[in-house]
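Inspection log for the structure reproduced underneath, given as structure tokens.
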Amino acid sequence: MLDNFRQSKWFPVGIGVLMVLLALGSRIAVACWLATDDPGDGRVYAQLAKNLVEQGVFSLATEAPFTPTLIRLPGQPLLIAAVYSIFGVGNDTAVRVVHGGFDTGTCVIVGALAWLWTTDEERRRRNAFWAFLLASLCPFIAIYAATLLSETLTTFLMAAMTLTATLAFRSATGVKCFLWWFLTGVSAGAAVLLRPDSGLFAAAIGLTLVVSGLFFPPPDAPPFLRRIFGVSWQGAVFTLAFLLVLAPWTIRNYRVFGLFQPLAPAHAEMPGEFVPLGYQRWLRTWVDDARFIGPTLWTLNEKPIRMSRFPETIFDSPDERARVTALLDQYNHPPGSEPEPPKSADQSDDSDQNDADDSAAGDEDSADQSDAADDQSDDEESDADKDDDDDNDPGRVYNVKMTPEIDAGFAQLADERIARAPVRYYFWLPVKRAAVLWFDTHSLYYPFGGQISPVEDLDRDVGQQYWLPFFLALTWAFTILAAFGARLMWRERANRETLRWLILLGLMIFLRLGFLATIENPEPRYAVELFALVMIPAGFLLGRLRFPQKPADETPETETDMKENIPAAPEPARMLSLDVFRGMTIAAMILVNNPGTWDAIRPPLEHAEWHGTTPTDLIFPFFLFIVGVSIALSLGRLADGGGVRWKIYFKIAKRALLIFGVGLFLEVFPFYNPWKAAWFDPATVRISGVLQRIAVCYLVAAVVFLTTNWKKQAVIAGALLLVYWALMTLVDVPGCAVTSINDQACNLSAYLDRLILTEPHIWNQSKVYDPEGLLSTLPAIATALAGALTGTWLRTRRDETEKLAGIFFFGVVLIAAGWIWSGWFPLNKKLWTSSYVVYTAGLALCFLGCCYWLVDLKGWRRWATPFVVFGTNAIALYIGSTMMSVIFDMVQIPVAEDKTVSLQEYIFQNVFLPLGAPVDASLYYAVAFILIWLFLLWLLYRKGIFIRL
């Protein structure tokens, strides 16, 4: 029966209705359970709506006389007033439920746009499904249903005008074309009555009409003059409808205020009100983050502005800082103002609870300053922080004023800063603002909302350490999917219709983002609407995914049939980007293993002391990940070529034993030290090590790869991580009062190392645990399996763009998952924790993706030549450099009558130490060490000599 229903014409309809109902239900749940009255603009809209219903006046006044205003556009107040008139004044829950309905409508329109923009009939349904699903799951826009802000309706109208414009472009008759362009103008005008910058969406549609109609016509288009006529009358209809919607508001403003104002004042000022344009221009010369907006702009003429609010980096000179200080002193203490009363202890204590009155950004600054004041002995700085706390007293009225004279001073400062660094003002700051606007967590108005930086200030009571990285990862994931989806559209640009949609999409996004990047208040919520459009190309990309279905009459396939129906693509003899990635990794390994002195090392070149990660902690998991990728590429070819299985297994076992044996060899090298007249002591030889772990992981991962499909490999990797997590957190260690992964000795991994390997045979730097120990090898195998899964993905016949997008997408997801997991199981390289495996696998995917794109897809290979040299002889480099390092440390050079130093120390002190500070000289030595090996390996590379194990 179920199969019959699946084959019926109503099945897709039923699935679609179910998805829409689920989306609507989720929006209503958000609107009811996460309802918030925090946004000040929402309270303004509610007051305007209340006065419209009760007094018939568009006014902000709470009591008579109800003076008309024009500082806000009427769109959102009219919507709220309509809901109030039906469900009762003050029924904000009803408004939020209506918002949920509009947001669901946005998701439906996004799916419809993906359908209409797809030229391939076979992919239309898939693209629409994925676009709708992504829009439904996007939490960035959904949260605004829980507020009274205009973002939800603005997003809906933006999507609606895009849909009507699409239908207008596709219209076959003049009547339909006229109707759709008229509706497009109405939608655009309504959107502008919500937010004035929505006019940029209308501009994007108009530009698309001109550019695509005149310069990129379809093959059967009429002559140029007729196209001009067609574009002209369509644009005229669009413009006329747009202006008709704005006309009532414009006429009202002219009649009430005697001025022509079709929108709202740019700075929300009433007629004749002074606007500090100079101060705002000065803000635009340095503000690049939303955290500075609250304390410097939104509280202007309401609260003092303290110098402690400004980062020191914004001042180009001490003189500029002094001038800003003087201007702010005039603002904070206008003529005739009384001195500020002394702060009481109660005021200081209570101020922490009032921080929410400022923007979230201001809150973080205040918290930073308050914390810092506890540790500072400088009375002046401590007093400044107390002033900041006192500024948050909600019951206090401050006598502050921005006068034209002060504003002129800031205008002069702004002109000077722009003249000194025009590139900074006109290019770098807008670029940085655009990046901040886009790559935000977009978590505002969630209970855990905030900024992810600085990490140490995250509020763990509300779970910011988990939610904010997850939301940031979503931002990157949506962006990556959309970027590769747009690339797919660009590759089909020969189809003029697809090119038109790509032009429209680009203009809709970048015109708005470019404008927002030039203003002094770059709040990320202004960019949230754009994510609805992002889901369309993202859906295009995911629509390329095919889920294999086995015909009913087909016999079950064996596990050796190329892993669950994923067809292998014919491959080149070697994947150059993997050599580059391997070469970069091994070069980094040699760099951190061979400093000039261990007493002077830059922090990024050291391992984390225990929990946490540094760049150095990424090297070994990257190498194991590369081992896994190589397993899939090399053994996959052998298996596909019909090689004899026992020979393949024998080759794997032989190679694993050889690598393990070489690792032991390096532990006992050089056997005899003539300077100490001593042989190596078998009783103290370290059994585990880097090569030993590589050997074990290679052996297990290779066997698993050959005997299972990719789904089982993923399950095995996940099981290893979960089992290790359970063992490390639930099993008590004998002899320890408290078992904890925070203790280097009292954790299960360290206990088993001491029990089985015994203390003389584990890492001599700790003697209580081994960083390449027994139990921690289990999650290390999962790292290799993650690489094998990546290699399987690269071997499929998928489009190269799809492969690359998948690599980046899963990389970002794993990074976020690892970071979130670290809240329960900390990132720890020495324990090789499960969160560390997931986190580093995500980073490895992203690094491999970059190499794959640059080297294999773009063909930019010249820069990578040194890394190819390293990568093609990686094992030889590791073995040779280790032996050289041991020899340099063993050989003794006499420097005094009764004193000798090692050859390594002698070279460092006499050649590199005179070149700079010890930390710099130590780095110079390591770089020189690498360059020597680059020269030696280059000779082998030129001769075609590649040393394999």
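The sequence shown begins at 108 in the working numbering and counts up by one.
Just so you know, even glycine gets a beta-carbon here, dropped at the ideal spot from N, CA and C.
| Asked | Found |
| --- | --- |
| Take Leu264 and list the residues in its own chain whose beta-carbon comes closer than 6 Å to its own, dropping the five residues that flank it on each side. | Ser294, Ala297 and Ala298 |
| Quick one: give me the first and last residue of the beta strand (DSSP E) that Ile1000 is part of. | Gln999 to Ala1003 |
| Which two residues bound the contiguous beta strand (DSSP E) that contains Lys283? | Careful: Lys283 lies outside any beta strand (DSSP E), inside the alpha helix (DSSP H) at Gly281 to Val299. |
| In the DSSP assignment, find the unbroken beta strand (DSSP E) run with Ser1009 in it and report its ends. | Lys1006 to Ser1009 |
| Give the straight-line distance between the Cα atoms of Leu434 and Cys245, rounded to the nearest whole angstrom. | 45 Å |
| Using 8 Å as the threshold, is the C-beta distance between Ala142 and Thr200 below it? | yes |
| For the alpha helix (DSSP H) containing Phe917, list its first residue and its last residue. | Glu907 to Trp928 |
| Which class does Ser166 belong to by DSSP, given the choice of helix, strand or coil? | strand |
| Smallest Cα separation from Glu774: which of Ala824, Ser847 and His868? | His868 |
| From this set, Gln162, Trp405 and Phe276, which residue's C-alpha is nearest Asp148's C-alpha? | Trp405 |
| Which residue marks the beginning of the alpha helix (DSSP H) containing Thr1079, and which one marks its end? | Not covered by the structure: residue 1079. The range shown for the chain is 108 to 1056. |
| Is the distance from the Cβ of Trp864 to the Cβ of Asp877 below 8 Å? | Sequence check: residue 864 is Leu here, not Trp. Yes, these two residues count as a Cβ contact at 8 Å. |
| Could you tell me if Pro677 is buried or exposed, where buried requires 16 or more neighbouring beta carbons within 10 angstroms of its beta carbon? | Residue placement at Pro677 is flagged as unreliable, the pLDDT there being 43, under the threshold of 50; the coordinate-derived value follows with that caveat. Exposed, since its Cβ has fewer than 16 Cβ neighbours within 10 Å. |
| Does Gly556 come out as helix, strand or coil in the three-state DSSP assignment? | coil |
| If I measure Cβ to Cβ from Thr261 and keep anything under 7 Å in the same chain, skipping five residues before and after, which residues do I get? | Ala298, Leu301, Arg302, Ser305 and Glu636 |
| Give me the Cα-Cα distance between Asn234 and Trp222, rounded to the nearest whole angstrom. | 6 Å |
| Whose C-alpha, out of Phe974, Ala887 and Ala948, is nearest the C-alpha of Ile693? | Phe974 |
| Taking the alpha-carbon of Pro175 as reference, which of Ile733, Met596, Met696 and Val363 has the nearest alpha-carbon? | Val363 |
| To the nearest angstrom, report how far apart Ser192 and Leu167 are at their CA atoms. | 18 Å |
| At a threshold of 7 Å, does Phe276 count as lining the ligand FAD (C-beta to nearest heavy atom)? | This structure lacks the ligand FAD; in fact it carries no ligand of any kind. |
| Would you mind reading off the limits of the alpha helix (DSSP H) that contains Asn700? | Leu683 to Asn700 |
| Check whether the stretch 689 to 709 touches the stretch 1024 to 1035, taking contact to mean three or more Cβ pairs, one atom from each stretch, closer than 8 Å. | yes |
| Within the same chain, show all residues whose beta-carbon is closer than 8 Å to that of Tyr532, passing over the 5 residues directly before and after it, in chain order. | Arg391, Thr392, Arg524 and Ile525 |
| So Leu712 and Leu813 are in contact, right, with Cβ under 8 Å, and what is the actual spacing, rounded? | About 38 Å separates the two Cβ atoms, so there is no contact after all. |
| Leu614 to Ala948, Cα distance in whole Å? | 36 Å |
| Under 7 Å Cβ to Cβ from Gly913, same chain only, skipping five residues before and after it: list those, please. | Trp900 |
| Here's the rule I'm using: 16 or more other beta-carbon atoms within 10 Å means buried, otherwise exposed. How should Glu630 be labelled? | buried |
| Helix, strand or coil for Thr315 per DSSP? | helix |
| Which of the three DSSP states is assigned to Asn854 in this structure? | coil |
| Out of Ala518, Lys539, Tyr438 and Leu544, point me to the one whose CA is closest to Tyr505's CA. | Tyr438 |
| Hey, could you find the ends of the alpha helix (DSSP H) Trp870 is sitting in? | Looking at the DSSP string, Trp870 is not in any alpha helix (DSSP H), and its letter there is neither H nor E. |
| Just the Cα atoms here: how many angstroms apart are Arg603 and Glu228? | 17 Å |
| Cβ of Phe555 within 8 Å of Cβ of Leu575? | yes |
| Taking the C-alpha atoms as reference points, what is the distance between Ala138 and Ala156? | 19 Å |
| Ignore the nearest five residues each way along the sequence and tell me which others in Val1002's own chain have a CB closer than 6 Å to its CB. | Val1008 |
| Judging by CA-CA distance, which residue of Ser992, Lys1006, Met642 and Thr723 is the nearest neighbour of Lys589? | First, the amino acid is wrong: residue 589 is Ala here, not Lys. It is Met642. |
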